[in-house]
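Remarks on the structure that follows.
Number of protein chains: 2
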Amino acid sequence: MSVQQLARDARLASVSLQSVTNEQKNEALLRIKQVLEERKDDIFQANEKDKQLAEEQVKLGKLSGSLFKRLDICNGDKFETILSGVSDITKLPDPTKKVTMATKVDSDLSLYRVTVPVGVLLTIFEARPEVVVNISCLALKSGNAVILKGGKEATHTNAMLALVIQDALASLPESNPIPKTAVQIVETREDISALLDLDRYIDMVVPRGSNSLVKYIQNNTRIPVLGHADGICSVYLDKEGDITKAARIAVDAKTNYPAACNAAETLLVHQDLLKSDFFSKVGQALLDAQVTLKCDTSSQSYLTEKLGNSNEAYKSKIQPVEDGDYDTEFLDHIIAVKVVQDVNEAVEHINDHGSKHTDSIVTENATTADFFMTRVDAAGCYWNTSTRFADGFRYGFGAEVGVSTNKTHARGPVGLEGLVIYKYRAYGNGNIAADYGSGKKPFLHDAIAPSDYHL
Amino acid sequence: MSVQQLARDARLASVSLQSVTNEQKNEALLRIKQVLEERKDDIFQANEKDKQLAEEQVKLGKLSGSLFKRLDICNGDKFETILSGVSDITKLPDPTKKVTMATKVDSDLSLYRVTVPVGVLLTIFEARPEVVVNISCLALKSGNAVILKGGKEATHTNAMLALVIQDALASLPESNPIPKTAVQIVETREDISALLDLDRYIDMVVPRGSNSLVKYIQNNTRIPVLGHADGICSVYLDKEGDITKAARIAVDAKTNYPAACNAAETLLVHQDLLKSDFFSKVGQALLDAQVTLKCDTSSQSYLTEKLGNSNEAYKSKIQPVEDGDYDTEFLDHIIAVKVVQDVNEAVEHINDHGSKHTDSIVTENATTADFFMTRVDAAGCYWNTSTRFADGFRYGFGAEVGVSTNKTHARGPVGLEGLVIYKYRAYGNGNIAADYGSGKKPFLHDAIAPSDYHL
Chain X
1 MSVQQLARDA RLASVSLQSV TNEQKNEALL RIKQVLEERK DDIFQANEKD
51 KQLAEEQVKL GKLSGSLFKR LDICNGDKFE TILSGVSDIT KLPDPTKKVT
101 MATKVDSDLS LYRVTVPVGV LLTIFEARPE VVVNISCLAL KSGNAVILKG
151 GKEATHTNAM LALVIQDALA SLPESNPIPK TAVQIVETRE DISALLDLDR
201 YIDMVVPRGS NSLVKYIQNN TRIPVLGHAD GICSVYLDKE GDITKAARIA
251 VDAKTNYPAA CNAAETLLVH QDLLKSDFFS KVGQALLDAQ VTLKCDTSSQ
301 SYLTEKLGNS NEAYKSKIQP VEDGDYDTEF LDHIIAVKVV QDVNEAVEHI
351 NDHGSKHTDS IVTENATTAD FFMTRVDAAG CYWNTSTRFA DGFRYGFGAE
401 VGVSTNKTHA RGPVGLEGLV IYKYRAYGNG NIAADYGSGK KPFLHDAIAP
451 SDYHL
Chain A
1 MSVQQLARDA RLASVSLQSV TNEQKNEALL RIKQVLEERK DDIFQANEKD
51 KQLAEEQVKL GKLSGSLFKR LDICNGDKFE TILSGVSDIT KLPDPTKKVT
101 MATKVDSDLS LYRVTVPVGV LLTIFEARPE VVVNISCLAL KSGNAVILKG
151 GKEATHTNAM LALVIQDALA SLPESNPIPK TAVQIVETRE DISALLDLDR
201 YIDMVVPRGS NSLVKYIQNN TRIPVLGHAD GICSVYLDKE GDITKAARIA
251 VDAKTNYPAA CNAAETLLVH QDLLKSDFFS KVGQALLDAQ VTLKCDTSSQ
301 SYLTEKLGNS NEAYKSKIQP VEDGDYDTEF LDHIIAVKVV QDVNEAVEHI
351 NDHGSKHTDS IVTENATTAD FFMTRVDAAG CYWNTSTRFA DGFRYGFGAE
401 VGVSTNKTHA RGPVGLEGLV IYKYRAYGNG NIAADYGSGK KPFLHDAIAP
451 SDYHL
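Top to bottom, those sequences are chains X and A. Each residue of the first sequence is one higher than the last, beginning at 1 in UniProt numbering. Each residue of the second sequence is one higher than the last, beginning at 1 in UniProt numbering.
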């Protein structure tokens, strides 16, 4: 089957999905969970095949140990976690069919703005095969059709998971209109470049993976991309910051999970904090947490004098900042440090070098905090809070589609709401535009109360 | 000044605009109105210069009369309309600073989702110079900086209008932080291609103009584009339609303003309507309104038999449909006609050939209407209503930024709400992620009542 045909099938499936009820969507999800359980052996066999092939690649030094580990869905409680993830999604509220505006345009013409699925999603991801299940269920719950493309290391697992999901959908009762083409998978890189051209059929691309994957996609499609390439988050320590909060937040933001996009990569320090022990306490907390500090001149000499000269282990971790460090997502126990004159310079630095993801200020001064949070252009602007909170589960969304650094549609951690848009539904009685306007019928434009909704 | 510098200035202006109050924005708009009035002579002089140059182009056959007419802002009440448009925008509610989510993540950690300006807009438009004023005011009211590029025929008028607006902004009292770089203008095509590359500084492109202009922009930038290239709207006459409504709606949708994007280009007719006089009545109404019908075989022979054979004028306007007619925006007194088996085929035709703009069904059957409105993938799905209602003013938005056929961010007629996005503001007390999770502190995720908002 051609990729064009597959994309067209996804579009047709998405039309069927428009009329599906929340109960039918949950029925499909629970059926998927059941069939995944029933076909556990098939899935594990496919996963073993991928792992065997990957093991050879690891031996040849062509695949990293951590990538190999992500490939595995058999060991520990990983498979159970995947299954419980499916039931969790059934418990979320239906993001579609919500009326967000209702206007009486005339006595016999009502206008409603109603949330609807975006349509067809294309998800491109790397090693973790559980994304097949997770994103398929998020897509179905929000009424979207989805085309999946996973990493080549997980080819067999991905294909089997997609097949099992399709079988589950095909086995739904006649009364449930969700077609199995609501979830489809492609395997080659050529398929992807063909799909990225099909803005006629595909409404949104949701990449999940490395910076380079996301950048490649952003540069090669006109379809809107929901996600983020970089996560360059900063913590700014203000002159009126609390020292305990400053140390705790800096350490947590950097070390709680350094590989996450919401980990801090830059520490901005008000110059006054170098006139006391304030910044040396924060520096020491970071050094004790095995963080390497890549410092500008003044912070390097301050920290060396306060900490480095008396301690070789510290000294080796107090390093000079290099070109590009303030634009680098280290994803490691490394943080770039810069001394700034004031909050204004901190904001400017972040707006110039940050990735509009999440930035935090540590201060006890509410006015300074508001200045920072208002002027920093980021999806998350935090006061005395670690950047690590930028996450759909922590925000209470129940599920996370991804974190977006876009300036349109959806921003920050994105839950199911990011997979819907709206349409206007007008209910008339033969109304024509020629009847309205100056000297003719006026528009009412009255809000319709929810109790009077009629759609 | 380089285009890069100009775009960077716009970005810096947009940061200043983040903290501006609604009163300050309205103060700026009223100041703009006042200075436009004061500098009316300068503006008319510039407009005369453009019109003189354009007149020569008209004589040489290089510019159409209608384009020349659009250029003129001196005659009639055009200038007054521009000025009253400015005061109208001051009366609209501020789309920013609205809290759309408020969650107590923990007793000492509050999370708010608050609407904020998108940032920097780039607007590219054609002959009408009033767009300079209109879009600048919409941008300012929504807290966005804007870079403008108009058509070359209106170069002098556009430049003068932008200069006057900048002068007005520069003359604001010290207390008003809106910088004059909030509105800037560029003049050359090279500037535009450079700006379309600057996704680092520009957040959204709002083209206003021809299909080819919009398509060019969509194909040449990674920046999100708000707008529509095509407006291929359809009216579907169902077998259970009311004949009076059918004729009125078909005629209004086609002829009320054929050059508009919300005019109908395709008429889909249930086959049963050819078994009676139903469709000949509709056809006659269209023919009487000087519409040419480009018909498929069955509708052509039906209409020819019923109307054409006895009337030469009718006959000449009943023509065979040609390749591509169902994908064409005629923008004229021409409509493509197709007979369909049922509502399902009508929906399929629209989803294949339409431009996701606005489509209408004429039927007295509520179930059929719901089927159509649910399954047609368009920004507007109408029941017994002319497609011509797809318009920001008719929807009651007070102003229209444009009509979007996008599937993300903003869809259909777009008011000021389409120029804002949101950010998350978190207010903590030194909260770190490491303190939460299984075996540690739980998340509350309680909604915060508006009366308890503290931000």
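All residues carry an ideal CB built from backbone N, CA and C; glycine is no exception.
In this structure, DSSP gives Tyr302/A a helical state, which the three-state scheme calls helix. The DSSP-derived three-state label of Arg425/A is strand. With a 10 Å radius around the Cβ and a threshold of 16 neighbouring Cβ atoms, Asn311/A comes out exposed. Shown in chain order are the members of the stretch 366-381 of chain X whose Cβ falls below 9 angstroms from a Cβ of chain A: Ala369, Asp370, Phe371, Met373, Thr374, Arg375, Val376, Asp377, Ala378, Ala379, Gly380 and Cys381.
Within its own chain, the residues whose Cβ lies closer than 6 angstroms to the Cβ of Gln57/A, once the five positions on either side in sequence are excluded, are Leu63, listed in chain order. Around the beta carbon of Met204/X, 16 or more other beta carbons sit within 10 angstroms, so the residue counts as buried. For Gly402/A, the enclosing beta strand (DSSP E) stretches over residues Gly402 to Ser404.
For Asn431/X, the secondary structure class from DSSP, reduced to helix, strand or coil, is strand. Ala139/A sits close to Ala182/A, with the two beta carbons spaced by under 9 angstroms.
For Gln218/A, the chain X residues whose Cβ falls inside 8 angstroms of its Cβ are Arg222, in order along the chain. Around the beta carbon of His270/X, 16 or more other beta carbons sit within 10 angstroms, so the residue counts as buried. If you draw a straight line from the Cα of Gln284/A to the Cα of Ser438/X, it comes to about 29 angstroms.
Judged by beta-carbon spacing, Val291/A lies within the 9 angstroms limit of Lys317/A, meaning their Cβ atoms are closer than that value. Taking the beta carbon of Met160/X as reference, no residue of chain A falls within 8 angstroms; the closest one sits roughly 30 angstroms away.
Only exposed fits Tyr453/A, as fewer than 16 other CB atoms lie within 10 angstroms of its CB. Note: Asp359/A is bridge-paired with Ser234/A and Cys381/A in the DSSP secondary-structure output. Look at the beta carbons and you see the stretch 109-121 of chain X not touching the stretch 182-192 of chain X: under three pairs across the two are nearer than 8 angstroms.
For Arg208/X, the closest of Lys407/X, Gly402/X and Leu60/X by C-alpha to C-alpha distance is Gly402/X.
Per the coordinates, the alpha-carbon of Val20/X lies some 20 angstroms from the alpha-carbon of Thr100/X.
Taking Tyr436/X as reference, the option from Arg394/A, Gly412/A, Phe79/A and Gly76/A with the minimal CA-CA separation is Arg394/A. Closer than 9 angstroms to the CB of Ile335/X there is not a single CB belonging to chain A. DSSP places Ile202/A in the coil class of the three-state scheme, outside both helix and strand. A residue is called buried when at least 16 other Cβ atoms come within 10 angstroms of its Cβ; Ser299/X meets this threshold and is buried. Relative to Asp9/A, the option among Leu67/A, Gln184/A, Lys49/A and Ala46/A whose CA is nearest is Gln184/A. Under DSSP, Ala145/A shares a beta bridge with Val120/A. Ranked by Cα distance from Ala259/A, the options Leu293/A, Ile334/A and Val15/A are led by Ile334/A. The C-beta distance from Leu17/A to Pro117/A rounds to 6 angstroms, short enough to fall under 8 angstroms. Here Cys381/A is actually not in contact with Phe389/A; their C-beta atoms are around 12 angstroms apart, not less than 8 angstroms.
Comparing alpha-carbon positions, the option among Gly430/A, Asp108/A and Asp352/A lying closest to Ile448/A turns out to be Asp108/A.
Check the Cα spacing between Phe68/X and each of Asp50/X, Ala229/X, Met160/X and Leu111/X: the tightest is with Asp50/X. Thr363/X is the residue among Ser404/X, Asp342/X, Thr363/X and His349/X whose C-alpha sits nearest the C-alpha of Ala250/X. Chain X has a Cβ within less than 9 angstroms of the Cβ of Pro413/A.
Between the alpha carbons of Glu348/X and Lys180/A lies a distance of about 19 angstroms.
Excluding residues up to 5 positions away in sequence, Arg70 lie with their Cβ nearer than 7 angstroms to the Cβ of Arg128/X in the same chain.
Residues of the stretch 398-423 of chain X that bring their beta carbon within less than 7 angstroms of a beta carbon in chain A comprise Lys407, Thr408, His409, Arg411, Gly412, Ile421, Tyr422 and Lys423, in sequence order.
For Pro93/X, the number of other beta carbons within 10 angstroms of its own is below 16, and it is reported as exposed.
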